[in-house]
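J.: Pasting in a structure now, in structure tokens, and then I'll have a few things to ask.
Residue numbers (mature numbering (1 follows the signal peptide of the UniProt record, and there is no 0)): -25 to -1, 1 to 1108.
Below, the structure written as structure tokens:
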């Protein structure tokens, strides 16, 4: 705790301030989180590994959360059908991929799109995503499929002889006359081993063709480098180099443009792509483009299988049917552990296709790149399927020279069929290790490199046959012995005779009735000097049965459109089952399943936002035969919470119904339910002990109400009515609304535009009947009050609205139920809660703050429960026992109207509350000054301290913060830091975050901070000079100043009266302890022109409407000093 550090009090006025809250910080693990805005406008929060932390969605929206192939999906209810019907790319909701692409909100403010031709099609600005999603979803025109412009990732002394290249060269084939396109990070235009090799190049990025990454140069040289020691596989081929990757990642649109250029414009026979995206079933945009261009041009695309290292992780576009997918082997002939394994997801097709050496490959190094992998100035050593792929691309060029009429299919089949057999399964290495010498010389070949029977669905009633044709270019007939390791389900002849200059077909027969499971192996045809290998694979589906789910609403009718999440409790895989016209079916393996969902009773005009009622659904079914589950919402039991005061209500409930198998991998349903909506729970089937039902609730007195009437609520961006009762005539929009309450019946329109329209027409306020779109954080022109449309089917002639400025009490509750849904009314008592006396200060003007509270669960932040509060304010807040974290904003983040955006805060540490205890907390109280501490829970916030790491001094400072908080999101202001050593400048940086090159040495350092802002009337300018010793690594001994002033909620003090004050100084956290030698404070009433010393009191001075500035100078016993000046620290009234 901060009080544990040594401090000196310059002026102590006993009893002026309340004791600090007796809360304690829970031990936390620092965890960086990021926010991702989905195409629907909803937001998800993930940790640094891309694991789901929470969903921050549109009010009232349900979300299907499920895990497939170890990827976490979060799909809003109004996208479930579009994704299921393949009208919207599911990657828009693949949280794992979006994080991997770097599409977090701190890195990109837009969502890039592809059109149906897989070309860049602009982007959706994240701030506009919700509106554009609503417009697209409600449009009556038939829209094309919406695709995400995702990203792919960049995934020779011993290796070239290992694949048989010298033997092919001796036979006269080195790729001469063949063009290989390399789509990568460009190439080093000055590298001697690529001199004269690149015949044409083109850049599809903003980066330029010169390779500043190193990957593309290394790959290009492995294909066709002309080095004396390190030579490419196709040392006679020419290269067409296309830059499609800026750095580590490559936009799909750039890759596709490069593919089209290589195949259509350059007419390259072979295209090398040492890159890949996520695991794929071959239907991603890049894979589809590979198939299209291969069929059109005959170009062979040789593509890295990926570096994910686990089963069923072959990435797109290597997953394309036409692609030659390459695995990575070591130079000792073993599969490299990172190399992605197959089979292909969903259809279990054989992938990868072939293997080549890709471990510790030495090839050309681009200038000023790959410092950590350098062998010498011109060469680097790299590992990955990216390095294996150019070996195969080079071999394809050699083979294309040998057979100039061959197209992609013939080249692929020949390379695969002549590979050296290895012990690994086809799902690891395809047909085996590349052998270009055999491919060039052998006269017997096969029509295909692999036979994929794919997924054979249960039940099994017949056999399946696939045919492979062997051809013999020799002058004598040849009998091939046929052997396989496929198992008893497969039947293959013992041999086949292939006539000279002819061909013979062999049927491979699979009888799935003999056994279920995955079958992958090799079929080898051999004779003296001849070896032809074919990879064969099949998935004979295990016993499956139908799960039928029927849904009936509380109105007794089939539910028109809904979904449930179905979770296999053994494999932890999940899927979404759509319910259409009350019924949904799926065929699933024998297992126990959790079925989780929600039944909304919708209003006639649709909307998840404010349904008539909602019924949570959870249960367990055992699928040993066909099973039907009938879910009737009328059988649900009410789930409700009763707050202690009769006039307090639940404003909303943030609920997650889930089966969380491990952190960040959650299958279930999440939603934000309006507190006006009756909520029910329906449990069925066997017990489900793994179930968790987390409810975050926010409540208090309604800010607007209809006395004795139906429930209403302000729209989240609404302006408020003046406090009191308002008796208003009601008129429908389109009629005369002057001086009246305008009744608007709309779904999907912009409430801000409608409010302005109604204001212009003379309306006092808007009564919005039905769902409202996701709002921005700004004020509407006139108050917008929402009501569920079924309450106003007929227009009331008059309406009385009662408004209050703010609820004097609030409830922030986190309730967790495990194993079953709750039932009945949970009565909340004050004695069960912690009571907090909360004060929200302002800089003087009336406005609002948005406070955001999150429970800390297992060391990380849970769902955010936020509330906009009129400020300044003082009120009583109640919390469920446990650890809570708060952050917030002063004003509205769009900075519009009479409530401008000013500042924000993030607490340095969470608070742990106990039931029955009383606490106090204060927000945004003067003095705001530079802070060195940081929050481990919101690492994007300012602050973190000043520390040395080797030759660097790194700084993270919040220029405007308080003793318990730092600024969260920057709301304006600027500043600089300057570092000096013994009076000599070492450099400058931004005030909030900087890094200085300052090798450790004796002497004195000075760090000078100068920051100012115009968004607030207080702390308009802050200056601090720290002087310290800084030779040792770790946190440096900078002194931090704290202020305790008895100002009022407007951060003011009575003019003409002395003010007791308390000033302290102590070292930043982690920098050790030392006693203070001195501390002197000063005050100024003329913005720092003149100063007076402060002893026990800030002396009387200044006039009402003026300001007081403060300065503190302190030193410790080790000689470290601080001199801090804050202009306009507080105001005078």
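For glycine and all other residues, C-beta sits at the position ideal for the given N, C-alpha and C. In this text, all values refer to a predicted model and were calculated from it rather than measured experimentally.
Helix, strand or coil for residue 261, going by three-state DSSP, please let me know.
T.: It is helical.
J.: Looking only at DSSP bridge pairs, what is residue 538 linked to?
T.: According to DSSP, residue 538 bridges with 553.
J.: Could you check if residue 1101 is buried or exposed, using at least 16 other CB atoms within 10 Å of its CB as the buried criterion?
T.: Label assigned to residue 1101: buried.
J.: Following the continuous beta strand (DSSP E) through residue 567, name the residue where it begins and the one where it ends.
T.: Counting along the chain, the beta strand (DSSP E) containing residue 567 begins and ends at 566 to 576.
J.: In whole angstroms, give me the CA-to-CA distance for residue 1109 and residue 149.
T.: This structure gives no information on residue 1109, because the portion of the chain shown stretches from -25 to 1108.
J.: Give the range of the beta strand (DSSP E) segment to which residue 920 is assigned.
T.: Taken as a continuous stretch (DSSP letters only), the beta strand (DSSP E) holding residue 920 covers 920 to 924.
J.: Can you determine whether any heavy atom of the ligand PLP sits closer than 7 Å to the C-beta of residue 574, and answer yes or no?
T.: As far as ligands go, the structure on display features none, and thus does not contain the ligand PLP.
J.: Out of curiosity, what's the CA-to-CA distance linking residue 311 and residue 403?
T.: Cα to Cα, residue 311 sits roughly 10 Å from residue 403.
J.: Below 8 Å between beta carbons: does that hold for residue 982 and residue 941?
T.: Not closer than 8 Å, so no.
J.: Measuring only the C-alpha atoms, how far is residue 961 from residue 973?
T.: For residue 961 and residue 973, the distance between alpha carbons rounds to 7 Å.
J.: Is there contact between the segment 535 to 553 and the segment 22 to 40, where contact requires at least three CB pairs shorter than 8 Å?
T.: Yes, since at least three Cβ pairs between the segment 535 to 553 and the segment 22 to 40 fall closer than 8 Å, the two stretches touch.
J.: Could you give the distance in angstroms between the alpha-carbon of residue 1032 and the alpha-carbon of residue 1060?
T.: One C-alpha to the other measures close to 13 Å.
J.: So if DSSP puts residue 1034 in a beta bridge, which residue, or which two residues, is it bridged to?
T.: According to DSSP, which records beta bridges pairwise, residue 1034 is partnered with 1073.
J.: Considering only residues of the same chain and omitting the five flanking positions on each side of residue 457, which have a CB-CB separation below 8 Å?
T.: Same-chain partners within the cutoff: 467, 468, 469, 470, 471, 481, 498, 499, 500.
J.: Roughly how many whole angstroms lie between the Cα atoms of residue 563 and residue 519?
T.: So the two alpha carbons sit approximately 5 Å from each other.
J.: Here's the rule: buried if 16 or more other CB atoms are within 10 angstroms of the residue's CB, otherwise exposed. What is residue 207?
T.: Per the 10 Å Cβ criterion, buried.
J.: Starting from residue 704, trace the beta strand (DSSP E) both ways and give me its first and last residue.
T.: Element bounds for residue 704: 699 to 707.
J.: Thinking residue 1074 and residue 649 are a contact (beta carbons under 8 Å), I'd like their distance in whole angstroms, please.
T.: Wrong, their Cβ atoms sit about 54 Å apart, outside the cutoff.
J.: Quick one: residues in its chain with C-beta nearer than 7 Å to the C-beta of residue 956, no 5 flanking neighbours on either side, listed in chain order?
T.: Excluding positions up to five away in sequence, the list reads 973, 978, 980.
J.: Out of curiosity, what's the CA-to-CA distance linking residue 463 and residue 346?
T.: Cα-Cα distance, rounded: 53 Å.
J.: Report the CB separation of residue 486 from residue 438 in whole angstroms; it is logged as a contact under 8 Å.
T.: So it is a contact: roughly 5 Å between Cβ atoms.
J.: Quick check: the Cα distance between residue 484 and residue 434, rounded to an integer number of angstroms?
T.: Whole-angstrom Cα-Cα distance: 18 Å.
J.: Rounded to a whole number of angstroms, what is the C-alpha to C-alpha distance between residue 1079 and residue 1025?
T.: When rounded, the distance between both Cα atoms is 13 Å.
J.: So residue 232 is in the alpha helix (DSSP H); what residue range does that whole segment cover?
T.: Unbroken alpha helix (DSSP H) run through residue 232: 227 to 235.
J.: Might you give, ordered along the chain, the residues of its own chain that have their beta carbon closer than 7 Å to the beta carbon of residue 1189, omitting 5 neighbours on each side?
T.: The question about residue 1189 has no answer, for the chain in this structure spans -25 to 1108.
J.: Would you kindly check if the distance between the Cβ of residue 663 and the Cβ of residue 705 is under 8 Å?
T.: Not a contact, by the Cβ cut-off of 8 Å.
J.: If residue 243 sits next to residue 180, beta carbons under 8 Å apart, how far is it from one beta carbon to the other, in whole angstroms?
T.: Not quite, the Cβ-Cβ distance comes to about 19 Å (not below 8 Å), so this is no contact.
J.: In three-state terms, what does DSSP make of residue 47?
T.: If DSSP states are grouped into helix, strand and coil, residue 47 belongs with the strands.
J.: Go through the segment 122 to 189 residue by residue and report every complete run of the beta strand (DSSP E) that reaches 3 residues or more, in order.
T.: Counting whole runs of 3 or more residues, the segment 122 to 189 contains the beta strand (DSSP E) stretches 126 to 128, 154 to 159, 173 to 178.
J.: Between which two residues does the alpha helix (DSSP H) harbouring residue 661 extend?
T.: It is not in any alpha helix (DSSP H) - residue 661 carries neither H nor E in the DSSP assignment.
J.: DSSP three-state label for residue 36, please.
T.: Note: residue 36 maps to coil in three-state DSSP.
J.: Spatial neighbours of residue 320 within its chain, please: C-beta separation below 6 Å, excluding the five flanking residues on both sides.
T.: Here the set comprises 44, 254, 256, 287.
J.: Under DSSP, the beta strand (DSSP E) around residue 87 begins and ends at which residues?
T.: Where residue 87 is concerned, the enclosing beta strand (DSSP E) stretches over 85 to 89.
J.: Have a look at residue 1066 and residue 1081 and give me their C-alpha separation to the nearest angstrom.
T.: Each residue's Cα considered, the two are about 15 Å apart.
J.: If you run the structure through DSSP and keep just helix, strand and coil, what is residue 610?
T.: Helix.
J.: Which residue from 939, 607, 923 puts its Cα closest to that of residue 969?
T.: Of the listed residues, the one whose Cα sits closest to residue 969 is 923.
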